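The opening residue of the sequence shown carries number 74 in the numbering used here; numbering runs sequentially from there.
Cβ atoms here follow ideal geometry from the backbone N, Cα and C, with glycine treated the same way.
Small disclaimer: the values here were computed from a predicted structure and weren't measured.
Just below is one structure, and these are the notes that go with it.
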Amino acid sequence: MRRVHMLAALGAAASLALAGCGQAPPADTAASPSADAGATASSDAGASASSAPADAAADFKACMVSDSGGFDDQSFNQSGKEGMDAAKADLGIETVEVESQADTDYATNVDNMVSQGCNLTIGVGFLLEDAIEKAANDNPDSNFALVDSAFSDETFAPIQIDNAKPILFNTAEASFLAGYLAAGMSESGTVATFGGLQIPSVAIFMDGFADGIKKYNEDNSSDVKLLGWDKDKQEGAFSGDFENQSQGKTLTEQFIAQGADIVMPVAGPVGLGAASAAAGADGVRLIWVDSDGYETAVEYKDLMLTSVVKKIGEAVEGTISDTLEGGFTNEPYVGTLENDGVSLAPFHDFDGDVSQELKDKIEEYKQQIISGDLKIETPNAPTSR
């Protein structure tokens with residue numbers, strides 16, 4: 074498990090390291106999906122029923138393996154499971170899901186799905202890359218998909234596998250908007266973010282967040298400070314995994330002690346530790362990720378300023394529908410603001426606190442990102458190739 078071991082070492086080294094924000098380095102901007110790829114598996118791909126015959130749907134089995142966060146993580150695993158549930162209801166297929174309890178379960182669980190005759194096996198999370206990649210190479214007559222990671226060789230150079238589809242999200246675009254919002258709403262002039270592990274699907278949120286804060290400072294001659302991430306150095310604060318909520322609480326308490334009044338955890342269930350710390354402090358708000366935290370982490374909904382949403386469920390259902398209808402392709406799906414694969418959630422209870430001027434500016438930048446006039450650059454960007 075080359076990737077798991079490498080990331081465990083990186084996570085341990087980066088755990089509890091705090092850093093300020095820095096200027097973004099030049100990087101290639103993530104490509105939006107092509108018209109074919111983006112439209113085929115777009116966020117509304119699962120909105121209509123499959124045109125496949127009913128008997129084909131009855132014989133089709135879609136399977137999913139979670140990472141160790143489990144399907145009740147109120148984050149990306151849960152969103153993936155919701156996509157499976159929607160596909161079962163809308164398409165009339167059979168679905169099987171299995172939760173991983175530890176990194177060592179990934180390969181076993183994926184192989185178990187293959188042995189059950191799954192037509193499409195989906196791994197949720199960057200950490201399942203090795204297991205999905207090996208299973209796809211060993212089982213060329215079955216199809217596979219992987220949420221939040223492309224595929225790579227032993228040197229981590231990108232590769233394509235004929236029967237395996239990456240499902241990716243350019244969350245830097247929506248995180249930019251969240252960073253701009255955070256800077257505009259902070260009363261202390263200090264905000265923070267941290268991740269679970271330093272992997273591309275986590276760091277990309279933090280990159281966009283940093284750029285949004287930087288843009289707000291430029292527009293308003295402000296000096297809002299970011300704790301927890303230096304985009305220039307690609308260094309920051311990480312809990313070391315996606316399970317240990319006490320680490321998330323400790324990090325957030327440290328941020329609060331340094332004056333942060335808005336925190337964006339990018340760490341799955343570890344974010345609940347951040348929420349616990351925020352709930353114990355006056356005037357501290359959260360920005361959630363992956364799902365709309367107001368609707369998923371409901372016990373903390375009164376803290377949720379907004380969320381950076383990845384439409385994982387819709388992309389999963391769209392990929393299943395395409396496969397059922399014989400249209401499986403290994404072309405990556407990349408969710409963007411343009412195809413509604415990522416978004417900034419409503420402000421919910423804080424809507425009345427966000428000025429119209431700030432709302433208008435966020436909408437203006439959203440439209441500039443969609444049109445391509447504003448490019449959010451990040452070394453962690455997914456590509457459509």
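Spatial distance of residue i from residue j (CA atoms)
i, j, result
"Gln429", "Glu436", "10 Å"
"Glu167", "Gly386", "17 Å"
"Gly346", "Gly332", "18 Å"
"Ile443", "Gly252", "17 Å"
"Asp101", "Phe401", "Residue confidence for Asp101 is low, a pLDDT of 37 falling below 50, so the modelled location carries little weight and cannot support an answer."
"Glu170", "Pro342", "19 Å"
"Asp163", "Gly153", "15 Å"
"Leu431", "Gly425", "12 Å"
"Ile449", "Leu410", "11 Å"
"Val427", "Tyr289", "15 Å"
"Ala131", "Glu398", "13 Å"
"Gly344", "Thr323", "11 Å"
Inter-residue CB distance, residue i and residue j (contact presumed, cutoff 8 Å)
i, j, result
"Val339", "Gly268", "5 Å"
"Tyr406", "Leu241", "7 Å"
"Val336", "Ala265", "5 Å"
"Ala237", "Phe224", "6 Å"
"Phe452", "Gln307", "The sequence given here has Pro at residue 452, not Phe. Sure, about 7 Å apart at Cβ, within 8 Å."
Helix, strand or coil at residue i [DSSP, three-state]
i, result
"Asp363", "strand"
"Leu270", "coil"
"Leu250", "helix"
"Phe144", "coil"
"Gly165", "coil"
"Leu520", "With the chain covering 74 to 458 only, the question about residue 520 has no answer from this structure."
"Lys384", "coil"
"Val197", "strand"
Residue from the options whose Cα sits closest to the Cα of residue i
i, options, result
"Asp235", "Asn212, Lys306 and Leu376", "Asn212"
"Asn185", "Ile205, Ala418 and Gly356", "Ile205"
"Asp146", "Glu450, Asn317 and Ala352", "Asn317"
"Cys136", "Leu417, Ile393, Leu431 and Gly356", "Ile393"
"Ser248", "Asp446, Tyr373, Gly414 and Thr456", "Gly414"
"Pro455", "Glu227, Leu193 and Thr244", "Thr244"
"Asp314", "Lys439, Ile272, Ile286 and Lys432", "Ile272"
"Ala175", "Gly198, Asn192, Met157 and Cys191", "Gly198"
Buried versus exposed, by CB contacts within 10 Å (16 or more), residue i
i, result
"Ala283", "buried"
"Asp422", "exposed"
"Pro239", "buried"
"Ser319", "exposed"
"Ser364", "buried"
"Lys383", "buried"
"Ser294", "exposed"
"Phe229", "exposed"
"Leu232", "First, the residue type needs correcting, since residue 232 is Ile and not Leu in the sequence shown. Exposed, because fewer than 16 other Cβ atoms sit within 10 Å of the Cβ of Ile232."
"Val371", "exposed"
"Asp355", "exposed"
"Gln189", "exposed"
"Gln440", "exposed"
heavy atom of the ligand ZN below 7 Å from residue i C-beta
i, result
"Leu359", "With respect to the ligand ZN, the structure offers nothing, as it holds no ligand at all."
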